[in-house]
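Input: a single structure, listed below in structure tokens.
Next comes the structure, spelled out in structure tokens:
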């Protein structure tokens, strides 16, 4: 198992999803994963900055990847949008853009080589499901989980490429290894709408509400997602979304790292369950 | 094996199950399987198809909730994607009105296509006598988007259209707008960009279903981003969408190098951010947002060099 990574937290983990960072830092040592944060990492552009300047966004991510290369480590991120932005940048660089972009990186005495791969927490856990199973202290027996992949964990398949985008299994593999029950969930591959919550608010609230209601109809105790942006959307906007559709349903929304932590026996406090807006403490 | 097919007779929806031997269809395409069922089991089953060579785009349908171009999809691919499932659910494209069984109404989508003026409005310098030519490099820039066969697979899976299609258009419409706006022979890209902006360009939810399902591997999501960048460059940059995108860029280049979530709201919505006060208070109560961040965060190590790199890229782009 590759157990040492150049860690790319992404902006969200240092701000509104602080509990995602807390829970990740709590589970990593138990699983034997060493995360070395990349010094000087910048925002990946968050699937937004390319609308202003696509080349500047590519330059920023080439620099992020070059910083990881200097550490001689593969990149790991827990944010699916960061994952997509970094992997797309790497694909662009490795398929024709490297030379041109390196002329710009040279202005800061940096150079992209293409030696560091980019992976996600979900993928690493899925590849090591047996190891996770062996570390479980409190099997999540009886906990009904609606797994919500989030767009940028699986799409576009050509850029992410870890598994089928129409029939992915990595998340179910991990959740089952923790002893939880994966419930049938019609919206598991839908979009939560996070990236358009400002310009298309009404549509996004409808999308968020339908996901929460679908999970509830599946009798799920919680929704779990590997993407901190999806978690934010489904958690902090849940009240607003449910008000929009006049639904009284509320479902806790956990980060993948929080669910793993529960099974590993980490305390609710260390997993930051207090920071979840929809009460998740009852799961701890 | 079983195929559960959604039927619609003009009045009522129902499902019909057809059982076929795997050996009879495993060498066929998805369209071949539909034709096999129609020929051998049910002449009344309706669907649209034409060229059988992935040129016309007529045979788009959904399998297990995901769109496929029937003639371009081998059954072996479906067996692999769905782990040798013995039952498949076949449905009409989503986000279209169903006419009969798997046949859908294309007229509203074509109306949207008309809005962005997909035909070339050539520069004045071109004439009937001189022709309207472009060099290889200029042609290569738009050749991918010319591959669009209007199959509707992108529109079928579009999460924004599913939520509300009153303020958004089919992703392929934006792709067609990108194609003609970026054609070197085009008189003015804004003839196509402006109606795209006015008809929902900034409402894309970034789900990438369009790029994922396109049988021609075109990314409408990227074309939407390209149209947005072109709109901004040409000064069509007012509104929440452009302000939101610009705030990420500003944080990256002009501020700390990382996103500042409190400033993001202010920069995106200005004074009307007060409407989100409830959410902000919820976040602060949960300890998830530090109001002091409004004064700015810690600038990343090497930010000056990052700016130099981006400035160099900008300068090269202007050359």
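Protein chains in written order, with our numbering: chain A, 1 to 284; chain B, 285 to 603. Positions of the beta carbon are idealized from the N, C-alpha and C atoms, including for glycine. All figures in this text were calculated on a predicted structure; none of them were measured in a lab.
> Considering residue 528(B), what are the terminal residues of the alpha helix (DSSP H) in which it resides?
Replying inline: Per DSSP, the continuous alpha helix (DSSP H) segment holding residue 528(B) begins and ends at 524-537.
> Would a C-beta distance cut-off of 8 angstroms place residue 8(A) and residue 38(A) closer than the cut-off?
Replying inline: Contact annotation: residue 8(A) and residue 38(A) have beta-carbon atoms nearer than 8 angstroms.
> Using 8 angstroms as the limit for Cβ to Cβ distance, is residue 538(B) near chain A?
Replying inline: No, because no Cβ of chain A sits closer than 8 angstroms to the Cβ of residue 538(B).
>> Against chain A, does residue 406(B) count as a neighbour if the rule is that its beta carbon must be under 8 angstroms from one of theirs?
In response: Chain A has no Cβ within less than 8 angstroms of the Cβ of residue 406(B).
>> Can you check which of these residues, 101(A), 19(A), 127(A) and 46(A), is closest to residue 601(B) by C-alpha distance?
In response: Nearest option by C-alpha distance: 101(A).
>> Quick check: is the beta carbon of residue 543(B) nearer than 8 angstroms to any beta carbon in chain A?
In response: It does: the Cβ of residue 543(B) has a partner Cβ on chain A nearer than 8 angstroms.
> Interface residues of chain B around residue 107(A) at Cβ under 8 angstroms?
Replying inline: Chain B residues near residue 107(A): 589, 592, 593, 595 and 596.
> Beta-carbon of residue 553(B) versus every beta-carbon of chain A: anything under 8 angstroms?
Replying inline: It does: the Cβ of residue 553(B) has a partner Cβ on chain A nearer than 8 angstroms.
> Around the Cβ of residue 525(B), are there at least 16 other Cβ atoms within 10 angstroms (buried) or fewer (exposed)?
Replying inline: With 16 or more Cβ atoms within 10 Å of its Cβ, residue 525(B) is classed as buried.
>> Buried or exposed for residue 160(A), going by 16 or more other Cβ atoms inside 10 Å?
In response: The residue in question, residue 160(A), is buried, as its Cβ has 16 or more Cβ neighbours within 10 Å.
>> Let me see if you follow: with CB-CB separation under 8 angstroms, is residue 285(A) close to chain B or not?
In response: With chain A covering only 1 through 284, there is no way to say anything about residue 285(A).
> Going by the beta-carbon positions, is the gap between residue 125(A) and residue 174(A) smaller than 8 angstroms?
Replying inline: Taking C-beta atoms as the reference points, residue 125(A) and residue 174(A) count as a pair closer than 8 angstroms.
> Is any beta-carbon of chain A found at less than 8 angstroms from that of residue 384(B)?
Replying inline: No, residue 384(B) does not count as interfacial toward chain A.
> Can residue 146(A) and residue 171(A) be called in contact, C-beta distance under 8 angstroms?
Replying inline: Contact flag unset, no.
> By the criterion of Cβ-Cβ separation under 7 angstroms, what are the contact partners of residue 198(A) in chain B?
Replying inline: Within 7 angstroms Cβ-Cβ: 524, 528, 552 and 553.
>> Considering only DSSP beta bridges, list what residue 353(B) is partnered with.
In response: Partner residues in the beta bridge of residue 353(B), as assigned by DSSP, are 344(B).
>> Under DSSP, the alpha helix (DSSP H) around residue 425(B) begins and ends at which residues?
In response: Here the alpha helix (DSSP H) through residue 425(B) covers 420-430.
> Where does residue 297(B) sit, in a helix, a strand or coil, going by DSSP?
Replying inline: In this structure, DSSP gives residue 297(B) an extended state, which the three-state scheme calls strand.
>> Please report whether the beta-carbon of residue 288(B) lies at a distance below 8 angstroms from any beta-carbon of chain A.
In response: No - not a single Cβ of chain A is within 8 angstroms of the one on residue 288(B).
>> Restricting to Cα atoms, I'd like to know which of 48(A), 11(A), 70(A) and 84(A) is closest to residue 199(A).
In response: Closest by C-alpha distance to residue 199(A), out of 48(A), 11(A), 70(A) and 84(A), is 48(A).
> residue 239(A) lies in the alpha helix (DSSP H); which residues open and close that run?
Replying inline: Element bounds for residue 239(A): 238-244.
> Grouping DSSP H, G and I as helix and E and B as strand, with all else coil, what is residue 212(A)?
Replying inline: The answer is helix: DSSP assigns residue 212(A) an H, G or I state.
> Distance, Cα to Cα, residue 283(A) vs residue 142(A)?
Replying inline: Cα to Cα, the separation comes out at about 11 angstroms.
> CB-CB under 6 angstroms to residue 221(A), same chain, minus the five flanking residues each way: which ones, in chain order?
Replying inline: Once the five neighbours on either side are set aside, the close Cβ partners of residue 221(A) are 143 and 144.
>> In the DSSP output, what is residue 36(A) paired with across the bridge?
In response: DSSP lists 6(A) as partners of residue 36(A).
>> Considering just the uninterrupted stretch of the alpha helix (DSSP H) at residue 308(B), what are its terminal residues?
In response: Unbroken alpha helix (DSSP H) run through residue 308(B): 306-309.
> By Cβ distance below 6 angstroms, which residues in the same chain neighbour residue 162(A) in space, the five residues on each side in sequence not counted?
Replying inline: Cβ neighbours of residue 162(A) within its own chain (closer than 6 angstroms, five residues either side excluded): 123.
> Hey, quick one: how far does the beta strand (DSSP E) through residue 372(B) stretch, first residue to last?
Replying inline: Residues 371-375.
> Buried or exposed: residue 641(B), going by 16 or more other Cβ atoms within 10 Å of its Cβ?
Replying inline: Here chain B has residues from 285 to 603 only, and residue 641(B) is not among them.
> What first and last residue would you give for the beta strand (DSSP E) that runs through residue 222(A)?
Replying inline: Note, residue 222(A): beta strand (DSSP E), 222-225.
> At what residues does the beta strand (DSSP E) containing residue 492(B) begin and finish?
Replying inline: Unbroken run through residue 492(B): none, as it is neither H nor E.
> In or out: residue 236(A) buried (at least 16 other Cβ within 10 Å) or exposed?
Replying inline: Buried: at least 16 other Cβ atoms inside 10 Å.
>> If you follow the beta strand (DSSP E) that residue 147(A) is in, where does it begin and where does it stop?
In response: 144-147 is the extent of the beta strand (DSSP E) around residue 147(A).
> Going by Cα to Cα distance, which pick from 249(A), 231(A) and 157(A) is closest to residue 218(A)?
Replying inline: That would be 249(A), whose Cα lies nearest to the Cα of residue 218(A).
> Does the Cβ of residue 346(B) have 16 or more other Cβ atoms within 10 Å, making it buried, or fewer, making it exposed?
Replying inline: Buried, by the Cβ-count rule.
> Counting pairs of Cβ atoms below 8 angstroms between the stretch 398-418 of chain B and the stretch 313-330 of chain B, do you hit three or more?
Replying inline: Touching, no, given that fewer than three Cβ pairs across the two stretches are closer than 8 angstroms.
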